[in-house]
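Participant: In this note's numbering, the protein residues as written are 110 to 211.
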């Protein structure tokens, strides 16, 4: 049997919630428009709008937003993205891997 790598499991569970959390932070702290934030993190703008207005609550987003440590990492990543740096999901995964339970 071939077991999935941790990064495969992480991407499956947390890719969209991480992108949403960063987009929400860009809108809140950096006054990005929904369209700018969605394009920056590569998610559909309508999804971001639904989350902002409470019409959708993606799984695992609440886990990311409820942890102070993870929220701090999200804010640091948002700061870097807002300053023009290009990051990958690997950067985020490495930063919070030990803080999340499988």
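For glycine and all other residues, C-beta sits at the position ideal for the given N, C-alpha and C.
#1: Please confirm whether residue 205 and residue 179 have their CB atoms less than 8 Å apart.
#2: Apply the 10 Å Cβ neighbour rule to residue 187 and answer buried if 16 or more other Cβ atoms are within range, or exposed otherwise.
#3: According to DSSP, is residue 141 helix, strand or coil?
#4: Measure the CB-CB distance between residue 168 and residue 152 and report whether it falls below 8 Å.
#5: In chain order, what residues of the same chain lie with their CB nearer than 7 Å to the CB of residue 131, ignoring the 5 residues before and after it?
#6: Which of the three DSSP states is assigned to residue 147 in this structure?
#7: Once DSSP output is grouped into helix, strand and coil, what is the label at residue 171?
Facilitator: Once the coordinates are examined:
#1: It is a contact, given that the beta carbons lie within the stated cut-off.
#2: With 16 or more other Cβ atoms within 10 Å, it is buried.
#3: coil
#4: Cβ atoms of residue 168 and residue 152: not closer than 8 Å.
#5: 150, 183, 186, 187, 190
#6: helix
#7: helix
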